[in-house]
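*Asks:* In the numbering used here, the protein residues as written are 3 to 131. For every residue, glycine included, the Cβ atom is placed at its ideal position computed from N, Cα and C. Please read all numbers here as calculations on a predicted model, not as lab measurements.
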């Protein structure tokens, strides 16, 4: 078995890496949720518009006139995509949390093992002194 201190350091580094990855993924989810809210607001605005209302889409520096049906389909498509991405990211978050929890348990077990070894060495040292 490898040196417990080295093993503990490796596990701690891995745990830190998982936590950083988790933070990044949570930020990505928050960004998607903000986009989802924006698109739902647009969707609600479209519902209140007349069927012959003028809708413009910003493409680069140009506003292009767009049919209401096309615009609604585009927003619905974006919402569908965003919801699928949120679901995918939620699964990633769950998986990372599971890995992190297992890693944390390993760290605690290893720390306990190291402490027990140190106590045994101290007892042996005290008995021989």
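Can the beta-carbon of residue 107 be found closer than 8 Å to that of residue 13?
*Replies:* On the chain shown, residue 107 is found 105 positions in, with the first residue counted as 1. On the chain shown, residue 13 is found 11 positions in, with the first residue counted as 1. Result no, Cβ atoms of residue 107 and residue 13 do not sit closer than 8 Å.
*Asks:* For the candidate residues 101, 124, 114, 125, whose alpha-carbon lies nearest to that of residue 24?
*Replies:* By one-based count along the chain shown, residue 24 stands at place 22. The residue with the shortest Cα to Cα distance from residue 24 is 101.
*Asks:* Could you tell me the alpha carbon to alpha carbon distance between residue 15 and residue 22, rounded to whole angstroms?
*Replies:* Walking along the chain shown from the start, residue 15 turns up at place 13. Walking along the chain shown from the start, residue 22 turns up at place 20. Spanning the two alpha carbons is a distance of roughly 11 Å.
*Asks:* Do the CB positions of residue 65 and residue 58 come within less than 8 Å of each other?
*Replies:* Residue 65 sits at position 63 when you count from the first residue of the chain shown. Residue 58 sits at position 56 when you count from the first residue of the chain shown. Contact flag set, yes.
*Asks:* By a C-beta neighbour count over all protein chains shown, 10 Å radius and 16 as the cutoff for buried, is residue 41 buried or exposed?
*Replies:* Within the chain shown, numbered from 1, the residue matching residue 41 stands at position 39. Residue 41 is buried by the Cβ-count criterion.
*Asks:* Residues in its own chain within less than 7 Å of residue 2 by CB, not counting five upstream and five downstream?
*Replies:* An answer regarding residue 2 cannot be provided, because it is not within the stretch 3 to 131 covered by the chain.
*Asks:* So, under 8 Å CB-CB, residue 10 and residue 38 are touching, yes? Tell me the CB distance rounded to an integer number of Å.
*Replies:* Numbered from its first residue, the chain shown carries residue 10 at position 8. Numbered from its first residue, the chain shown carries residue 38 at position 36. The pair is not a contact, with the Cβ atoms about 41 Å apart (cut-off 8 Å).
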